[in-house]
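Chains as they are written, first to last, in this note's numbering: chain Y, 1230 to 1457; chain R, 64 to 265. See structure below.
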Amino acid sequence: MEVTSANRKCPAVTGSSRKIKDNAADWHNLMLRWEKLNEDGFTAAENITAITLTRSQSNERLLLDDPPSPPSARSLQPPLSEQPGGAAELQEECCKLQDVVHKMVAVVTKMERLMTSQRGVQDLEEFHFGPEGRNVPLFYSWSTKHFNEACGFLLASFQQELRLKQMILQEVGHTATSDLCMVYLSCWLQQPFLPPQTRLTLEALLLETGDPQDTLEALLLETGHRPL
Amino acid sequence: MSNPALISLHQALKKGFQSLENNQKVWTSVLADCSPLMVSLGNLAEQSRALSNVQISNTPLRDFPDLEERLRFKLLQATDTVLGKLNEKMSSLQSVRDSISNQVFAVFQHYEQNTDSLDLLTVTERSATAPSVSDMLEWLQDAERHYRQQFLRRKTLLQTLRADDFSLLELAPKRWKSWDSPSAEDHIKDTLCKVSFFIMSQ
């Protein structure tokens, strides 16, 4: 469920707390968007590996000079030079994947902006209250520094995961060994740089800044862990 | 048909078949939920095996030093989640099996307590709508045995799995499927059809 300002309660929140609260909601929305992109990208990556592996297998067969089917049956198929070997299809899927990665870059750029604005809030507090920051927490218990750390952790995780995705985008179309292809797909799907702590950090962030009941409902509405 | 022992045994048999019918539906639906989970398990094992086969330091992924550990962790976590869900399903299957076993045991106990008043002719006699008592007891026993065996086989299969034995995990979905026994399931459905008039009769 998207958290928008319309279904946000407590309109009285202003200033730094307003900013932090909005940032938390934005983190939530961006992470939802990322998950959606990840699913789309996986479909494309899966298609790419399927095409490249089929191609490399048929190349191997040619190299071995071992016709897999009797000539009569083979003559029914167009010769390999005419048959694009799924080249157009491969191109199309690669474009799709590239598109997904571009969108992921945009998501991470927005996350970076959130981080900047979070740092700004802290700078402002230091300006107002000195290097110790405010002594009364803005919400329940977290200090502004704590928010910074949480956002920093999320940002670092997504930046690293994005680097991995970019690497997969470059390599997945050129890999002919099935094991390595599988590892690329597995990396894409399992997102090794987004450990369970990222999800927990987001939940903590939302619980700290929001009405606990609303937050829990929003989190429960999302689908939980998706098995492969 | 005025034999009171026979009438009460008929009542017990009706209850037994009704319970079999309900439990059979639950069993089928729980088993259907298990198939995608088993497929997931096989997929995850395939991914783990691929990760073990690849020397990450010889691939472009070497730029990510802790990638292997992290991916391994994620795969184990996902496997764990799937196994947890399968475990829940097994508990449901177990309660179906227990329910059927208890019901069938109760019918047999009822029969054994009344054998004195049920002679051979009575238990083998059948009518247009009611199969004979001996047939029905046999069918119940067949069904009970089927669910007992099915449960044990599947439970054993899951218990022999080990998180680090990828080949076993990869084969698991196939072995799981190989325990499917459509003929036995059909047999039980046939049985339920055969007794349908009997169950409906007063």
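All C-beta atoms, glycine included, are put in the ideal place defined by N, C-alpha and C.
Taking 8 Å as the cut-off, the beta carbon of R/PHE214 is found no closer than this to the beta carbon of R/ARG112. Sixteen is the threshold: when 16 or more other Cβ atoms of the shown chains lie within 10 Å of the Cβ of R/LYS137, as they do, the residue is buried. Here Y/ASN1276 carries a helix assignment [DSSP, helix/strand/coil].
Listed in chain order, the positions of the segment 1404-1438 of chain Y with a beta carbon within less than 9 Å of a beta carbon of chain R are THR1404, THR1406, SER1407, ASP1408, LEU1409, CYS1410, MET1411, VAL1412, TYR1413, LEU1414, SER1415, CYS1416, LEU1418, GLN1419, GLN1420, PRO1421, PHE1422, LEU1423, PRO1424 and PRO1425. Residues of the segment 127-155 of chain R with a C-beta less than 8 Å from any C-beta of chain Y: PHE127, LEU130, ARG133, LEU134, PHE136, LYS137, LEU138, GLN140, ALA141, THR144, VAL145 and LYS148, listed in chain order. Among the CB atoms of chain R, one or more fall inside 8 Å of the CB of Y/LEU1393.
With respect to the C-alpha of R/GLN172, the residue from R/SER158, R/LEU203 and R/VAL145 having the closest C-alpha is R/LEU203. Taking a beta-carbon distance threshold of 8 Å, R/ALA108 does not count as an interface residue toward chain Y. At a cut-off of 8 Å between beta carbons, Y/GLU1361 makes no contact with chain R. Under the three-state reduction of DSSP output, Y/THR1406 falls in the coil class, being neither helix nor strand.
Listed along the chain, the chain Y residues whose CB falls inside 8 Å of the CB of R/PRO123 are MET1396, GLN1399 and GLU1400.
In the same chain as Y/PHE1368, and ignoring 5 residues on each side of it, the C-beta atoms closer than 6 Å to its own belong to GLU1437 and THR1438, in chain order. For Y/THR1406 and R/PRO236, the gap between their C-alpha atoms comes out near 24 Å. Where R/ARG208 is concerned, the enclosing alpha helix (DSSP H) starts and stops at 196-223.
Going by C-alpha positions, R/HIS73 is about 10 Å away from R/PRO67.
Here the C-alpha atom of Y/SER1386 lies approximately 26 Å from the C-alpha atom of Y/THR1278. The DSSP-derived three-state label of R/VAL159 is helix.
About 7 Å separates the beta carbon of Y/GLN1420 from that of Y/ASN1267, a gap short enough to meet the 8 Å contact definition.
Taking C-beta atoms under 8 Å as the contact rule, Y/LEU1383 and Y/GLU1341 fail to qualify, at a distance of about 11 Å. Taking 8 Å as the cut-off, the beta carbon of R/ALA206 is found closer than this to the beta carbon of R/ILE251. Nearest neighbour of R/ASP143 by Cα position, chosen from R/SER155, R/MET101 and R/SER92, turns out to be R/MET101.
Against R/ALA68, chain Y offers no close residue; the least beta-carbon distance is about 53 Å (beta-carbon pairs closer than 8 Å). Y/VAL1365 is classed as exposed because its beta carbon has fewer than 16 other beta carbons within 10 Å across all chains shown. Taking C-beta atoms as the reference points, Y/THR1338 and Y/GLU1354 fail to come closer than 8 Å. Taken residue by residue, none of the segment 79-97 of chain R has a beta-carbon sitting less than 8 Å from a beta-carbon on chain Y. Closest by C-alpha distance to R/ASN106, out of Y/THR1427, Y/LEU1431 and Y/VAL1412, is Y/VAL1412.
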